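2 protein chains.
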Amino acid sequence: MNAPSPDIPFTAERQRAVVAALRNALPAHCVLYNEEDTRPYECDGLTAYRQLPMVVALPETEAQVIAVLQACRALQVPIVPRGAGTGLSGGAMPIADGIVLSTAKMNRIVAVDANARTAVVQPGVRNLAISDAAAQHGLYYAPDPSSQIACTIAGNVAENSGGVHCLKYGLTVHNVMRVRMVSIDGEIVELGGGALDAPGLDLLAVFIGSEGMLGVVTEVTVKLIPKPPVARVIMASFDDVVRGADAVASVIAAGIIPAGLEMMDRTSARMVEPFCKAGYDTDAEAILLCESDGLAEEVEEEIGRMSAVLKQSGATAIAVSQNEAERMRFWSGRKNAFPAAGRISPDYYCMDGTIPRKRLAEVLLGIAAMETKYDLRCANVFHAGDGNLHPLILFDANLPGQFHRAEQFGEEILALCVEVGGTITGEHGVGIEKIDSMCAQFTVQEVAAFIGVKRAFDTAFLLNPNKAIPTLDRCAAYGKRQTRGGLFKFVKG
Amino acid sequence: MNAPSPDIPFTAERQRAVVAALRNALPAHCVLYNEEDTRPYECDGLTAYRQLPMVVALPETEAQVIAVLQACRALQVPIVPRGAGTGLSGGAMPIADGIVLSTAKMNRIVAVDANARTAVVQPGVRNLAISDAAAQHGLYYAPDPSSQIACTIAGNVAENSGGVHCLKYGLTVHNVMRVRMVSIDGEIVELGGGALDAPGLDLLAVFIGSEGMLGVVTEVTVKLIPKPPVARVIMASFDDVVRGADAVASVIAAGIIPAGLEMMDRTSARMVEPFCKAGYDTDAEAILLCESDGLAEEVEEEIGRMSAVLKQSGATAIAVSQNEAERMRFWSGRKNAFPAAGRISPDYYCMDGTIPRKRLAEVLLGIAAMETKYDLRCANVFHAGDGNLHPLILFDANLPGQFHRAEQFGEEILALCVEVGGTITGEHGVGIEKIDSMCAQFTVQEVAAFIGVKRAFDTAFLLNPNKAIPTLDRCAAYGKRQTRGGLFKFVKG
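Chains G and E, in that order, are what the protein sequence lines are.
Mapping of the first sequence onto the working numbering: residues 87 to 579, in sequence order.
Mapping of the second sequence onto the working numbering: residues 87 to 579, in sequence order.
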């Protein structure tokens, strides 16, 4: 939520030394250092913050990853690992005197084992490419972030990515069995494996979501699951957001775990409809998408039960997808909400808070009040089933004061999330964007535990420094601004 | 697999000082130090290894836990946390100059929230007591270790316990949302919370399964799930263990995830049948128990599909439970395999390796060969669905050489597990029993990472020292005995 600290600029001499060392490690075409070549790497999906890296390294093999890390360690050069650069919290934003290590060129599917239901893939394999490769066996890889056409598995591992189906099928951490990575010392380390439980500490779970701070991924084994024979989605309209939010709670309370349970407010529906022609009810105050998948009979039964609950909760209209094309159309609006925001507003700021489901209505009313306070519009899309909000604050950075107001608006939304017992990030990570909010979410002792674990993997603090985990000094400076504690806060006895 | 190193004995003066400090922290009846009082704490379920503790502390409140830890830290006294003492790897075995901290007296169910489907419980609440308390809401707590009548949630958290239904419903780590614990510094720390993904590193996952080395649990929030309306179990006989093992693979390959999938060999069936009257086919070479749960129609469909696969895989007889009483009877034999072993053999040694499912038949044949080699019988029971083996090596410690042969037999089984790509523990933990096998499973670098994480929580190494994670010196000494690498091993590039 705060601009990154100014980085120490590098000297031409330093850059020459680093380029020379990396050219010993990599073919010449894999080392970029001219500004026109490094410019594309100046930001990730969080475009508000930009920084040119000193050098970009694009290894093609694991041996080259090792050589790059050894060279950087010898020269004490910070490394920012980067997947496809679709991240939304600035986790891959460069450091001025550091390198960007992109795993994009390592993009081979190593093996698909239909019997074991696993795929072994290199870090630069795109999320959707895994499912494409598994499709011939009737299998797929479940996590489906909106960026799944572009984002890669190493980035998914770094951010513990979710998607619209994670309520039922889980996040990356629930769908990855093994990660092979290179440590800052240039050692190959394998975490996890085939067994349900691993001896020793669960370092795979720690690694997933560690935002490139613990090592560089070189290979991932993912779980594949059978593609459900049938999937159908209900689109339900509500004339009141609070009623829509309550309907979400009622579906879950009825003992149903939908394959997806998403909500959009009217601003969002009106934003995406001209762009996607998804068939959304643009007069409704809220739209719910509620999916069921499985065997045909199971889906029919569950669609019936969900429809009944939604009607009872006050739905003013209900449509059920009649075929796969219609299902994809119903989803298209939701999945394209971010690009649609980019069409109707010069800039937008995507938030990513999580709240207990039962506080959804209250938070929505709070955000509505903030729209007036900051005089900015906000389109609300949510993974409603798991309480993960994505308010999109619309603004124009060219109009004086709007960027600053958008930032304050965003900060107030996150403070509200923490206040109702939620968290500052659902699935987009902390990156550089929310590093100060970490001081709000956690106490000094817990941040110290994070730092201790980071140190266990990277004593020199060269891997993606100043991301995701704030320093204790930073938290001390954050000091008095600290909001009330949330779910994850230390509580003094 | 090796007897623990001899501990430094304590002096009477040291004991007096520790007792005095603990009496400042606790009511007098909560501090035990006379041998007749401390004797019950000399071992856990791994009865082969015993050690009297210097003092036993039984705090009744979280504030007392804090006071105990502060006192121990000030005096540099090692602490062995203990749940119900049902653990099977010696994780709660005392240290001669240390205290045992039992959480048994903190046994209150704090809250059951039927809407949120959670229960908040104190550490000493028994596993089954949670389900009992949730039953009025039609909910239950899924992990069901065989010791669930006695074992407590803090012990389940420490060992990441599973049970016969974990193939479908997961281990403790998949069913616990939040742990409140006291660190060695006497700080209260909350890990996890209500959200699907937590910002920062996933320290909840690290804590679960950390065998009392990172903190002392004072409260746990568990997930509750709806009790399936119907559950039925198939009992299938096979005239060949390899055929039975292949049938397990075929069920999974057919896309079915049974609620439970257990296998017993003839030695096990003959061992339990006189004791449990479970109706087992004692002429079969292998028996499979294959459960389905859910809605009545789903169960009927799945039982049909599973029966077909089992018949096709060569089952010689198939029975399906016709009512809940019969289902419980079919399970009774499997659930009482360990006590049954205690009835037919003076001593038994329960192993806990995990292997890839497809290597099951091969490992069974290997174990059969070892029975001849070591001239000891072995009863094999497995969580076959998730590849978790529990060979029970039967011996008589009073007959010269048998204990030693049993140990060697066990070590060879684990070496075979690692060799086929498996692990040295499935769900019983490492404790003191398998601490040397950790050196076989992991390389020095990975053990160093474990130690680094341990240090991040417990700089002084006072919490359950010399358990679960070997020291680097220990691994160096283990040295040349190291077997070929398994799934979790560092692989040099």
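The beta carbon of each residue, even a glycine, is placed where N, CA and C say it ideally should be.
All figures in this text were calculated on a predicted structure; none of them were measured in a lab.
Cβ neighbours of G/G171 in the same chain (closer than 6 angstroms, five flanking residues each side left out)
Locating residue 171 of chain G in the first sequence gives position 85, counting from the first residue. Taken in chain order, the residues that qualify are D130, A178.
Verify the CB distance criterion: does G/D559 have a CB-CB separation below 9 angstroms to chain E?
For the purposes of this step, residue 559 of chain G is taken as the residue at position 473 of the first sequence. For G/D559, the answer is no, since every Cβ of chain E falls outside 9 angstroms of its Cβ.
If we ignore side chains and look at the alpha-carbon of each, how far apart do E/A143 and E/G248 end up?
On the second sequence, residue 143 of chain E is found 57 positions in, with the first residue counted as 1. On the second sequence, residue 248 of chain E is found 162 positions in, with the first residue counted as 1. Going from the Cα of E/A143 to the Cα of E/G248 covers about 28 angstroms.
Pair within 9 angstroms by beta-carbon distance, G/E660 and G/R318:
A query on residue 660 of chain G cannot be resolved here, the shown segment of chain G reaching from 87 to 579 and no further.
Residues in its own chain within less than 6 angstroms of G/L138 by CB, not counting five upstream and five downstream?
Along the first sequence, one-based indexing puts residue 138 of chain G at 52. Here the set comprises T124, E128.
Does the distance from the C-beta atom of E/G301 to that of E/V334 stay below 9 angstroms?
Reading the second sequence from its first residue, position 215 is the one you call residue 301 of chain E. Reading the second sequence from its first residue, position 248 is the one you call residue 334 of chain E. No, the pair does not count as a contact, with Cβ atoms beyond the cut-off.
Bridge partner(s) assigned by DSSP for E/H469:
Within the second sequence, the letter at position 383 stands for residue 469 of chain E. E/N474.
In the DSSP output, which residue or residues are listed as bridge partners for G/G419?
Within the first sequence, the letter at position 333 stands for residue 419 of chain G. DSSP output for G/G419 lists no bridge partner at all.
Can you round the beta-carbon distance between E/P442 and E/G508 to whole angstroms, since I take them to be within the 8 angstroms contact cut?
Counting from one through the second sequence, the residue named residue 442 of chain E turns up at place 356. Counting from one through the second sequence, the residue named residue 508 of chain E turns up at place 422. Correct: roughly 6 angstroms between the Cβ atoms.
Among the residues of its own chain, which have a CB less than 8 angstroms from the CB of E/E386, if the five just before and after it don't count?
Working through the second sequence from its first residue, we reach residue 386 of chain E at position 300. Cβ within range, chain order: n/a, list empty.
Residue range of the unbroken beta strand (DSSP E) whose run includes G/E348:
Sequence index remark: in the first sequence, residue 348 of chain G carries index 262 (1-based). Per DSSP, G/E348 belongs to the beta strand (DSSP E) from 346-351.
Taking only three categories from DSSP, how would you classify G/G60?
A question about residue 60 of chain G goes unanswered here, because the residues of chain G that appear run from 87 up to 579.
Flag E/V275 as yes if its beta-carbon sits less than 9 angstroms from any beta-carbon of chain G, otherwise no.
For the purposes of this step, residue 275 of chain E is taken as the residue at position 189 of the second sequence. So yes, E/V275 belongs to the interface.
Helix, strand or coil for E/R102, going by three-state DSSP, please let me know.
Translated into positions along the second sequence, residue 102 of chain E becomes position 16. Here E/R102 sits in helix by DSSP.
Grouping DSSP H, G and I as helix and E and B as strand, with all else coil, what is E/R329?
Translated into the one-based positions of the second sequence, residue 329 of chain E becomes position 243. DSSP places E/R329 in helix when its eight states are reduced to three.
Determine the closest residue to E/D325 out of E/A534, E/I294, E/T368, with distance taken between C-alpha atoms.
Along the second sequence, read from residue 1 onward, the residue named residue 325 of chain E stands at position 239. Among E/A534, E/I294, E/T368, the Cα nearest to that of E/D325 is on E/T368.
Considering only the alpha carbon of each residue, which of E/R100, E/I479, E/M299 lies closest to E/F547?
Within the second sequence, the letter at position 461 stands for residue 547 of chain E. Looking at the Cα atoms, E/M299 is the closest of the given residues.
Taking all protein chains shown into account, do 16 or more other C-beta atoms lie within 10 angstroms of the C-beta of G/R194, making it buried, or fewer, making it exposed?
For the purposes of this step, residue 194 of chain G is identified with residue 108 of the first sequence, where counting begins at 1. G/R194 is exposed by the Cβ-count criterion.
Option nearest E/V395 by Cα separation, candidates E/A322, E/I521, E/G279:
Translated into positions along the second sequence, residue 395 of chain E becomes position 309. Looking at the Cα atoms, E/A322 is the closest of the given residues.
Let me know the secondary structure DSSP gives E/G248 once reduced to three states.
Locating residue 248 of chain E in the second sequence gives position 162, counting from the first residue. Looking at E/G248 - three-state DSSP - the assignment turns out to be coil, as it is neither helix nor strand.
So what does G/Y434 bridge to, in DSSP terms?
Translated into positions along the first sequence, residue 434 of chain G becomes position 348. G/Y434 is bridged to G/L480.
The beta strand (DSSP E) enclosing E/R541, as first and last residue numbers
As a position in the second sequence, residue 541 of chain E is number 455, starting the count at 1. From DSSP, E/R541 is part of no beta strand (DSSP E) but of the alpha helix (DSSP H) over 530-543.
At what residues does the alpha helix (DSSP H) containing E/L548 begin and finish?
On the second sequence, residue 548 of chain E is found 462 positions in, with the first residue counted as 1. It is not in any alpha helix (DSSP H) - E/L548 carries neither H nor E in the DSSP assignment.
Between which residues of its own chain and G/S233 is the CB-CB distance below 6 angstroms, once the five residues before and five after are set aside?
For the purposes of this step, residue 233 of chain G is taken as residue 147 along the first sequence, with counting starting at 1. If we look at G/S233 and ignore the five residues flanking it on each side, its Cβ neighbours are T172.
Just list the residues that DSSP pairs E/T204 with in beta bridges.
Here residue 204 of chain E refers to the residue found at position 118 of the second sequence. The partner list for E/T204 (beta bridge, DSSP) reads E/D199, E/K309.
What residues are listed by DSSP as bridge partners for G/M267?
Translated into the one-based positions of the first sequence, residue 267 of chain G becomes position 181. DSSP output for G/M267 lists G/V275, G/V303 as bridge partner(s).
Using DSSP with H/G/I as helix, E/B as strand and the rest coil, what is G/V211?
In the first sequence, the residue the question calls residue 211 of chain G occupies position 125. The answer is coil: DSSP assigns G/V211 none of H, G, I, E or B.
Between the region 421-429 of chain E and the region 355-367 of chain E, can you find at least three pairs of beta-carbon atoms closer than 8 angstroms?
yes
Min CB distance E/G610 to chain G below 9 angstroms
Lying outside 87 to 579, the shown extent of chain E, residue 610 of chain E is not represented and no answer is given.
Rank E/V316, E/D271, E/G224, E/R203 by C-alpha distance to the C-alpha of E/N261 and give the top, closest one.
Within the second sequence, residue 261 of chain E is the residue found at index 175, counting from 1. The option with the nearest alpha carbon to E/N261 is E/R203.
At which residue ranges does the region 367-432 of chain G contain complete beta strand (DSSP E) runs of 3 or more residues, listed in the order of the chain?
372-380, 403-406
Going by DSSP, what residues sit across from E/C464 in a beta bridge?
Stepping through the second sequence from its first residue, residue 464 of chain E is reached at position 378. E/I479.
I want to see whether chain E comes within less than 9 angstroms of G/P209, judged by CB atoms only; does it?
By one-based count along the first sequence, residue 209 of chain G stands at place 123. For G/P209, the answer is no, since every Cβ of chain E falls outside 9 angstroms of its Cβ.
Spatial neighbours of E/R445 within its chain, please: CB distance less than 6 angstroms, with the 5 preceding and 5 following residues excluded, ordered by chain position.
The residue given as residue 445 of chain E occupies position 359 in the second sequence. Here the set comprises V506.
E/Q115, buried or exposed, once every other Cβ within 10 Å from all chains shown has been counted against 16
Translated into positions along the second sequence, residue 115 of chain E becomes position 29. According to the sequence displayed, residue 115 of chain E carries His and not Gln. With fewer than 16 other Cβ atoms within 10 Å, it is exposed.
Is there a Cβ of chain E sitting closer than 9 angstroms to that of G/I499, yes or no?
For the purposes of this step, residue 499 of chain G is identified with residue 413 of the first sequence, where counting begins at 1. Judged by the 9 angstroms Cβ criterion, G/I499 is not in contact with chain E.
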